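Protein chains in written order, with the UniProt record's numbering: chain C, 1 to 366; chain U, 1 to 366.
Glycine residues also receive a C-beta, built at the ideal position from the N, C-alpha and C atoms.
This structure is a prediction, so every number in the text was calculated from the model and none was measured.
To keep things clear, I will list the structure first and then write my remarks on it.
There are 2 protein chains.
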Amino acid sequence: MSIIQNQNDIRDMARGAVFLGAGGGGDPQIGELFLHNQLAQGRKPNIVSAETLDDDAFVVSIAGVGAPTVLVEYLVSEAHLLDLLEKAEAFYGRKVDALISAEIGGANSMFPLALSASTGLPVIDADGMGRAFPHLEMTTFSVYGSKATPAIVTDELGNKVTLDLLTDRLAEETLRPVVAALGAMVFSAIYPMTAKFVKANAVHGSITHSLAIGRCIREGRDKSEDVFETLLQYLNQPDEDRHAKILFDGKIVDVSHETRDGWHWGKAVLRPLDNGPDEFEIEIQNEFIIARKNGEPAAVVPELIIVLDRETGEPMTAEMLRYGLRVKVVGYSSAEIMRRPECLEVWGPKAFGLDMDFMPISECVA
Amino acid sequence: MSIIQNQNDIRDMARGAVFLGAGGGGDPQIGELFLHNQLAQGRKPNIVSAETLDDDAFVVSIAGVGAPTVLVEYLVSEAHLLDLLEKAEAFYGRKVDALISAEIGGANSMFPLALSASTGLPVIDADGMGRAFPHLEMTTFSVYGSKATPAIVTDELGNKVTLDLLTDRLAEETLRPVVAALGAMVFSAIYPMTAKFVKANAVHGSITHSLAIGRCIREGRDKSEDVFETLLQYLNQPDEDRHAKILFDGKIVDVSHETRDGWHWGKAVLRPLDNGPDEFEIEIQNEFIIARKNGEPAAVVPELIIVLDRETGEPMTAEMLRYGLRVKVVGYSSAEIMRRPECLEVWGPKAFGLDMDFMPISECVA
Chain C
1 MSIIQNQNDI
11 RDMARGAVFL
21 GAGGGGDPQI
31 GELFLHNQLA
41 QGRKPNIVSA
51 ETLDDDAFVV
61 SIAGVGAPTV
71 LVEYLVSEAH
81 LLDLLEKAEA
91 FYGRKVDALI
101 SAEIGGANSM
111 FPLALSASTG
121 LPVIDADGMG
131 RAFPHLEMTT
141 FSVYGSKATP
151 AIVTDELGNK
161 VTLDLLTDRL
171 AEETLRPVVA
181 ALGAMVFSAI
191 YPMTAKFVKA
201 NAVHGSITHS
211 LAIGRCIREG
221 RDKSEDVFET
231 LLQYLNQPDE
241 DRHAKILFDG
251 KIVDVSHETR
261 DGWHWGKAVL
271 RPLDNGPDEF
281 EIEIQNEFII
291 ARKNGEPAAV
301 VPELIIVLDR
311 ETGEPMTAEM
321 LRYGLRVKVV
331 GYSSAEIMRR
341 PECLEVWGPK
351 AFGLDMDFMP
361 ISECVA
Chain U
1 MSIIQNQNDI
11 RDMARGAVFL
21 GAGGGGDPQI
31 GELFLHNQLA
41 QGRKPNIVSA
51 ETLDDDAFVV
61 SIAGVGAPTV
71 LVEYLVSEAH
81 LLDLLEKAEA
91 FYGRKVDALI
101 SAEIGGANSM
111 FPLALSASTG
121 LPVIDADGMG
131 RAFPHLEMTT
141 FSVYGSKATP
151 AIVTDELGNK
161 VTLDLLTDRL
171 AEETLRPVVA
181 ALGAMVFSAI
191 YPMTAKFVKA
201 NAVHGSITHS
211 LAIGRCIREG
221 RDKSEDVFET
231 LLQYLNQPDE
241 DRHAKILFDG
251 KIVDVSHETR
261 DGWHWGKAVL
271 RPLDNGPDEF
281 EIEIQNEFII
291 ARKNGEPAAV
301 VPELIIVLDR
311 ETGEPMTAEM
321 LRYGLRVKVV
331 GYSSAEIMRR
341 PECLEVWGPK
351 AFGLDMDFMP
361 ISECVA
């Protein structure tokens, strides 16, 4: 039985995906609308653990690519996703056995679920980062030797581009301007892998995790408890090598946004509600990459920094931050695999231009 | 017997290609070096008239793409061209029967000849413009209904991108940043066509023409005649609906070059050698797009404007223009097909931002 059974589940899943997006990854709303529609027709995504698949099953990631603002303006068409799948199978020369998200945080959590609901193809309860990241090569798939390409990109009009590049960094640099040239809603089939590779190298349980996070927030809110209590209790389950804590409780007193080179850069400054002396600052590079309390690191990539409405617990993307919003900032350990040395080389603080070594959240202030 | 038999022929062909480049198209030197090397091994390009091919013969254009400055820094490797051909045949799903230049002006005149010399494949004595133009969609192939894509792009390292786009304008906009991302020497197989289509819609005799122009200049120079006399006599053959004349004789007194959005923009101002009152001006948009004498049009696209050393008759690309050079400027009618109304919509003066209708060279001043 699918773990996504009703409209509340979809809403929860999308909310959890925004949480895991850590400020980035785009708005899951269009994928969510698509899924609501599928569910109304009795079609549910077929979510499976990687372990249930044969080792040689052929897995690809389905992703929307391009600026989140463009994504929001277009509705996902079922015909486009089905056409992509057909063209991907022709391109790869084999049937696709299962789908996966490369990025569970944000919009790209939803598209494999959407295509699964349409076709019945299994979607693996896993992804390549357990959060959102700005670059194509920032996945465990890439770090552990599975390339993003050969990949195929299509738009809803029938344009088609295929890429077969030596490095995922080059794939990132090539894909981005292609998408900019195509301009509209662009989807890709990317990261062709075997299920054996996925079993060994993915961040597992991502969909279940996203769904549970979204559900904790909703249930916490509905029961009129402190919404954060339920959430932190779930995130700090004792069997996990992961920790979550409130890094700051306050209001946004200054925020800057800038779009440069296709990226969203910015900074938010927070102060306590009682105007106490503490100052809290969050740097944005698409995602929230570092939080500092009175100048000292409170959390840094790949640890997750999440800004949530302090009353409703609704997680916010970086674009949503505005002067005057009252928020709580949660810090949450990244998945264990994400903190390995070979991974931190690709998405540790230095990869984002920060002059510091990685610090796990448990060693930070706040 | 190939019309290219010896090293002089190759040099003539390259010189003619610079002439037909009308300031643009890049330096044919690397293709020329490749051809010299092939000839030294006894391999000659197999140049044929389109009429000799079966209607259903499969023809593709082979082109180097990217900034001319990058092209000059790399030597063409035979392995790269052969690899492109092999990948192109796999991509199109059929054997390539003949090659063609999309653009006879400049560097891309040479690569089909080079691959022909390597493989023995015929190269058609024709092209898609009879000159050089800055945009992919500016070919008679495109105007008359053959698309630039499906196309395949490869670099010497093994990177591969394929494009299948609805319009050639979109192909232009997509291909350019892909090439910029790949960065190195990039070749494409592009404009897949039937020989039947080529027979009906190409500019014919381009290779023969380029070779003859280059030869006229060399022979004129060697015989110590006025080098321009031989050339103009050839270009003004009475059986052709084409005219050539000297538009100006003088020195460059001012020249500006600017690289913006990947294009070469600029202007050259010329005065008579005797410092007489006439002023002559040439606008550059990769190619020489308009020449004005005392403010009045002397020639405008698609008519060819060619700047040549006034002593040696050597044609110059726009990048070569420098203060103090003594030059003659030749105006030369474009091929008849290039002046048809449907063609002028794509590459007439307005397509280059000039606020005027096309004027054939015979109706211009000078």
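In the DSSP assignment, Met-193/U falls within the beta strand (DSSP E) that extends over 186-194. Closest option to Pro-272/U, judged by alpha-carbon separation, among Asp-249/U, Val-59/U, Val-301/U, Asn-286/U: Asp-249/U. In the DSSP assignment, Gly-64/U falls within the beta strand (DSSP E) that extends over 58-65. Residues of chain C whose Cβ lies closer than 7 Å to the Cβ of Leu-157/U are, in chain order, Leu-166.
Within the UniProt domain "S-Me-THD N-terminal" (9-164) of chain U, Leu-157, Gly-158, Asn-159, Lys-160, Val-161, Thr-162, Leu-163, Asp-164 place their CB atoms closer than 8 Å to a CB of chain C, listed in sequence order. Residue pairing by DSSP puts Asn-46/C in a beta bridge opposite Pro-122/C. Leaving aside the five residues that flank Leu-121/C on each side, the residues in its chain whose CB is nearer than 6 Å to its CB run, in chain order, Leu-99. Using a C-beta cut-off of 8 Å, the segment 146-166 of chain U makes contact with the segment 177-190 of chain U, since at least three inter-stretch Cβ pairs fall below that distance.
Nearest to Arg-340/C by alpha-carbon distance, out of Glu-137/C, Val-143/C, Leu-82/C, is Val-143/C.
Interface criterion not met: the Cβ of Leu-273/C is under 9 Å from no Cβ in chain U. The DSSP-derived three-state label of Gln-38/U is helix.
Within chain U, the C-beta atoms nearer than 9 Å to that of Val-178/C come from Val-161, Leu-163, Thr-174, Pro-177, Val-178, Ala-181, in chain order.
By the Cβ rule, the segment 7-25 of chain U does not count as touching the segment 340-352 of chain C, because fewer than three pairs are nearer than 8 Å.
Rounded to the nearest angstrom, the Cβ distance from Ile-104/U to Gly-130/U is 6 Å, consistent with a contact under 8 Å. Note that the C-beta distance between Ile-289/U and Leu-354/U is below 9 Å. Counting C-beta atoms within 10 angstroms of its own C-beta, Ser-77/C has fewer than 16 neighbours from the protein chains shown and is therefore classed as exposed.
When DSSP reads this structure, Thr-162/U sits in a beta bridge with Thr-162/C, Ile-152/U. Of all alpha-carbon atoms in Ala-57/C, Trp-265/C, Glu-296/C, Gly-266/C, the one lying nearest the alpha-carbon of Phe-280/C is that of Glu-296/C. The beta carbon of Leu-170/C sits closer than 9 Å to some beta carbon of chain U. Counting along the chain, the unbroken alpha helix (DSSP H) around Gly-214/U starts and ends at 206-222. Looking at Cys-216/U, Gly-16/U, Leu-113/U, Arg-260/U, the one whose alpha-carbon comes closest to that of Leu-81/U is Leu-113/U. Per DSSP, Thr-230/U is not a residue of any beta strand (DSSP E); the alpha helix (DSSP H) it occupies stretches across 227-235. Annotation: Val-179/U is outside any beta strand (DSSP E); the continuous alpha helix (DSSP H) that includes it extends over 168-182.
A direct Cα-to-Cα measurement between Ala-63/U and Val-186/U gives close to 9 Å. For Ile-30/C, the closest C-alpha among the options Leu-85/C, Val-60/C, Gly-106/C is that of Gly-106/C. Sequence-distant Cβ neighbours of Lys-44/C in its own chain, meaning closer than 8 Å and more than five residues away, are Ser-2, Ile-4, Gln-5, Gln-38, Ala-117.
Here DSSP, grouped into helix, strand and coil, assigns Gln-29/C to helix.
Cβ-Cβ distances below 7 Å link Trp-347/C to Phe-133, Met-138, Val-301, Pro-302 in the same chain, with the five nearest sequence neighbours on each side left out; the list follows chain order.
In the DSSP annotation of this structure, Ala-22/C is not part of any alpha helix (DSSP H), being labelled neither H nor E. Annotated as proximal: His-257/C and Trp-265/C, with beta-carbon spacing under 9 Å. Under a 10 Å Cβ-count criterion, Thr-230/U is classified as buried, with 16 or more other Cβ atoms of the shown protein chains found around its own Cβ. Bridge pairing for Glu-281/C: Val-269/C, Arg-292/C [DSSP]. When secondary structure is reduced to three states using DSSP, Val-329/C falls in the strand class.
DSSP lists Val-307/U as the beta-bridge partner residues of Met-316/U.
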